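Student: This is the structure I want to talk about, given as structure tokens.
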Amino acid sequence: MEDQEAEFAAAVRAVLAEAGFTEATSGAEGVHVVRHARGVMVGWMPEELARLRVRRRGPARARRRERSRPDLPGLRHAFGLALAAAFRGAGFAVETRGDEWLLVLHPGHSPEL
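By the numbering used here, the letter at position 42 of the sequence shown is numbered 94, and the numbering carries on one by one without gaps.
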């Protein structure tokens, strides 16, 4: 079973590569692939956009303290749709897991209804 799981994870990574995505190293920002009991979870943290700072009103000192990563729901949603389409086009079943993860299902597992 371990060989099948490794082959499935490799197939998921191949679809990612074909779609133009490179898997990030552990702890780094980017696309992440994590094994799951029913398949493989794929998530994304945008590296370039994580460096952006949000400018807020108020004294400059307060603005510097309040700068943080912007909220990116639209971009995450677009990424999820594009990646789900790539996986489905490759013949995989996909489930959305919140705003940040896709579950690419192992053959033989059916999507939850």
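Heads up, the beta-carbon is just placed ideally off N, CA and C, and yes, glycines get one too. Keep in mind it's a predicted model, so treat the numbers as computed, not measured.
1. Taking the beta carbon of H129 as the centre, do at least 16 other beta carbons fall within 10 Å, making it buried, or is it exposed?
2. Tell me, please, whether the segment 137-145 touches the segment 66-75 by the rule of three or more beta-carbon pairs shorter than 8 Å.
3. CB-CB under 6 Å to W153, same chain, minus the five flanking residues each way: which ones, in chain order?
4. Which residues in the same chain as H158 place their Cβ atom closer than 7 Å to its Cβ, once the five residues preceding and following it in sequence are excluded?
5. Pick helix, strand or coil for E152, following the three-state DSSP scheme.
6. What residue does the alpha helix (DSSP H) around R140 start on, and which one ends it?
Tutor: Per the coordinate set shown:
1. exposed
2. A contact exists between the segment 137-145 and the segment 66-75.
3. These residues qualify, in order along the chain: M93, G95.
4. F60, R90, G91
5. coil
6. 125-141
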